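Below: the structure, in structure tokens.
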Amino acid sequence: MSKVALYVPLEAKPGKEADVAAFLEAGLSLARQEPTTPIWFALRLSENTFGVFDAFENEAGREAHLRGPIAQALMAKAGELLAKPPAIHKIDILADKLPR
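Here it is as structure tokens:
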């Protein structure tokens, strides 16, 4: 079971909504390459609000993800695409229901 997670809300700059969506869709290929990231979602919450939710079996997996290629790519593009810096929320998972 996943024990820890990240939730990162993202607000696109005006006119950059399609670019943020494309960036997040492309992130799936990077997420698939991270063995310690078993659960990864790119979300669209409104026209200009997006987010990422991912879950990990332990803190080591979460920290590896935060140092990995998705986080690096996001921080490199943040100034160009986002209205404000990403807020990274570290959360604990109390229970889950996932296919096994």
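End of the sequence shown = 110 in our numbering, gap-free, step of one.
C-beta: ideal position from N, C-alpha, C; glycine also.
The structure displayed is predicted, hence computed values, not measured ones.
- Using a C-beta cut-off of 8 Å, the stretch 26 to 35 makes no contact with the stretch 67 to 75, since fewer than three inter-stretch Cβ pairs fall below that distance.
- Between the beta-carbon of P79 and that of L40 there is about 5 Å, and that keeps the pair under the 8 Å contact cut.
- Exposure of F51 is indicated by the presence of fewer than 16 other C-beta atoms within 10 angstroms of its C-beta.
- Taking C-alpha positions only, M85 is separated from L55 by approximately 20 Å.
- The beta carbon of A81 is closer than 8 Å to those of H75 in its chain, skipping five residues each way along the sequence.
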